[in-house]
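First residue of the sequence shown: -9, per the working numbering; consecutive thereafter. First up is the structure itself, then whatever we jot down about it.
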Amino acid sequence: MISYAQYRAMRRFPALDGLRAIAAVIVVAFHFGGPQWTWLSGSLGVQLFFVLSGFLITTLMLREEESRGRVSLRSFYIRRLFRILPVYLVVLAATYALAHLNGATGRLRESMPYYLLMVNEFAPNKAFLHSWTIAIEWKFYLVWPLLAFAFVTAAFWRRVAVTVLAIAALVALVPFEKDWPYWPIHYVSILVGCLLAVVMHHPRGYALLRPLTHPVASVAVLVGFVALHLSLYYWPPAEDGHSELMVGVYAVAVALLLPATLTPGLSTKLLSWRPLVLVGERSYSLYLVQYLAMTAVIALVPSYAGHSTRLFVATTVVGLLAADLLYRWVEQPMIAVGRRLSGRGKVVPPVPSAEPPLPTPATPTPATPTALTNRPASDLSDRTVPPAPVLTLGGDRR
C-alpha cells in the first residue's frame, strides 16, 4: 500500500493521463460511432474529465497553500487563462472560418457572444455544442479557488463542510423542467473530485482511502469500475431523458478509482501505457477539434458520412494528428508563457507538465504537521507530512 508520506511525496500521478485518454476517445465514439458504440456510454467520459479536474486542481492548490503559506490566486488565474483559452480560441476561430467558407456562419454568429463569454451551455443553438464542458470547467476555475481558499481558511473540516454543502446546493438546483443542459449536476462531478482531494490531503482522511492503494484492491477497484461503466448502458432511462442519478453514481465511482491508480501495480501499469499517455496529454485539443476532424474526414472521403465505426476511427486519427500540432505549437508554448507570467513576484508551483513516469519515491524526512504535534510518535509513522514537492500532477490536461 502507498503510505501517506509516499502519497504526499508524489510529484506526478502517471495513470491519470491514461484515464484522460480513454475519456476523450469514448466521447469521440459517442459523437460519431453510431448505435454500435452506445454500449461504451461515451457521454459519461466528460464526467470523468470533471472529476479529474476537481481532484487535480484542488490537490495542486492544497499543496501550494501548505508549501507557500497561501494560494496565489493571481498566479492561479494566469496559469488557467493561458492553459485553457489559447487552444479554445484557435479552434473556435477555425470553426468560424470553416463555417464562413461553407456560407453557414449565421448560427455560429448568433451564439458567438456565449462562446466568448464562456457560457456555452446556454447558447441558443448547437453550432459549437461540445464546448459546453469547457465553459463548465472555466466557471469552476473562477469560483472554486475563491470559495475554498480565499473565503475559507486552511481547516480540513471547514473545507469538507463547504464542499459538501456546495454539492447539496447544486443537487437542489437540478431543474425539473425538460430543458437541457441540466448544468448543476456537472459541477457536482467536479466537486466530488474536489472533495476527494481535500480528504486525501489530510492524514486521517487518507487513512480511510489507503486500503484502495493495495495492489490487489487496486485491481479489484479497476475491474469493478469497468463493470459499472459497462452496466450504464443497461440502466433504465429517466422519464425526462436525463440521468442525474447515473451521473452522480459514476462520479463517486471515478473518485474511488483514483486512489487505486496511485499504487505501482497492474492498474497503474495499464493506465500508464505510453500510447495512452500520449493521447491523454493531447486529450484537451482532441476534445476541442473533434468536429473539425470529422468534417475533414467526410470532405476527404464522402462515403464516410453518417455515424459509423469507420467515421469514429478516422475522426480519432485525424483529430489526434491535429491535436498533436495544437499541443506542440499552441498548448505547450502558451502554458510556458503563463508559467513565466505567474512566476513574477511570489514563487508558485508550475502547472503540470509532461514528465517521465513516477519513480518509486524515496522516503522523505517527515515534517510533523501542526495538527498532530501532540500525538505520540508511534502514531505518526504513516501520517506525517513530507516537505511538499513541486507538483506536476500527471499533466493537468483535459
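A virtual CB, placed ideally from N, CA and C, is assigned to each residue, including glycine.
Asked	Found
Beta-carbon proximity of L268 to A312, cut-off 8 Å	no
Extent of the continuous alpha helix (DSSP H) run through R271	Arg is not the amino acid found at residue 271; the sequence shown has Glu there. Here the alpha helix (DSSP H) through E271 covers 264 to 271.
K129 (DSSP reduced to helix, strand or coil)	helix
Cα-Cα separation between L75 and F118, rounded to whole angstroms	15 Å
Euclidean distance between Cα positions of Q26 and P103	36 Å
Helix, strand or coil at H204 according to DSSP, with G and I counted as helix	coil
Rounded separation between V244 and F215 - CA only	8 Å
Proximity winner among V81, H297, V80, W134, relative to V182 (alpha-carbon distances)	W134
Counted within 10 angstroms of its Cβ, other Cβ atoms place N110 as buried (16 or more) or exposed	buried
Alpha-carbon spacing of T95 relative to K116, whole angstroms	12 Å
N- and C-terminal bounds of the alpha helix (DSSP H) containing I(-8)	Run containing I(-8): none; DSSP gives neither H nor E here.
Nonlocal neighbours in the same chain, by C-beta distance under 8 Å from M51, ignoring five residues either side	V61, F66, P135, A138, F139
Same chain only: Cβ atoms within 6 Å of S121, ignoring 5 sequence neighbours per side	N110
F22 vs H297 beta-carbon contact at 8 Å	yes
Helix, strand or coil at S31 [DSSP, three-state]	coil
Candidates V154, V209, P114: closest to L98 by CA position	P114
Inter-residue CB distance, H191 and M(-9) (contact presumed, cutoff 8 Å)	With 8 Å as the limit, H191 and M(-9) do not qualify as a contact, their Cβ atoms being about 18 Å apart.
Minimum C-alpha distance to L301 - residue among W319, E321, D314, Q280	Q280
Reduced DSSP secondary structure (H/G/I, E/B, other) of R300	helix
DSSP-derived helix/strand/coil call for H176	helix
Outcome for H90 when other beta-carbon atoms lying within 10 angstroms are tallied against a minimum of 16	exposed
Buried versus exposed, by CB contacts within 10 Å (16 or more), V17	buried
Span separating the alpha-carbon of T305 from that of A11	15 Å
Pick from V15, L9, R1, D7 that is closest to G309, judged by C-alpha positions	V15
Same chain, Cβ closer than 6 Å to A390, neighbours up to 5 away in sequence not counted	Nothing about residue 390 can be read from this structure; the chain reaches only from -9 to 388.
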